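J.:
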Amino acid sequence: MNDPDDLRRQRVLATIDAIPRGRLATYGGVALEAGLPGRARYVARVLRELPANHTLPWHRVVGAGGHLRTSGPSATLQARLLRAEGIPVRAGRLDLANHVWPRAGE
DNA sequence: CGTCTGACGGTAA
DNA sequence: ATTACCGCCAGAC
């Protein structure tokens, strides 16, 4: 298990795992941090296929512009988890500008 | 190998 | 604000 695919995936997972509590990251941002510029969709795919027993802060990953891209029960859960971290959620929208990660200097 | 899909992102109307 | 479309690319078939 050391294919380029697995490594690429590991980097995405590691990046998401590094998102600080109370902060947000976009799919595209995670992809960029993982060294995969322009692969936002790949990040989404990785999250979608996570096993049920993962411990990653998946809820901190949102769409560009601060939109929740999840739907159904996941969206409800995500909103709840985010609010629990002090990030207000209104109508599936978030104040991305004030919580986005990473940012200059960090 | 050809097509379709999508937890994206951006632009146009 | 909402809808439609396009570019992108890894999987599923």
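If you're matching positions, the first sequence starts at 902 in our numbering and goes up one per residue. Ideal Cβ positions, reconstructed from N, Cα and C, are used throughout, including at glycine. No experiment lies behind these values; they were computed from the predicted model shown.
1) Tell me whether the beta-carbon of residue 995 lies closer than 8 Å to the beta-carbon of residue 967.
2) For the alpha helix (DSSP H) containing residue 975, name the first residue and the last one.
3) Report buried or exposed for residue 980, applying the criterion of at least 16 other Cβ atoms within 10 angstroms of its Cβ.
4) Can you tell which of 921, 913 and 904 has its C-alpha closest to the C-alpha of residue 987?
5) Measure how close the beta-carbons of residue 1002 and residue 925 come, nearest whole angstrom, since I'm counting them as under 8 Å.
T.: Straight from the coordinates:
1) A distance below 8 Å separates the beta carbons of residue 995 and residue 967.
2) Under the DSSP assignment, residue 975 falls in the alpha helix (DSSP H) whose first and last residues are 974-985.
3) By the beta-carbon neighbour count (other beta carbons within 10 angstroms, threshold 16), residue 980 is buried.
4) Scanning 921, 913 and 904 for the CA closest to the CA of residue 987 turns up 921.
5) About 6 Å; that satisfies the 8 Å criterion.
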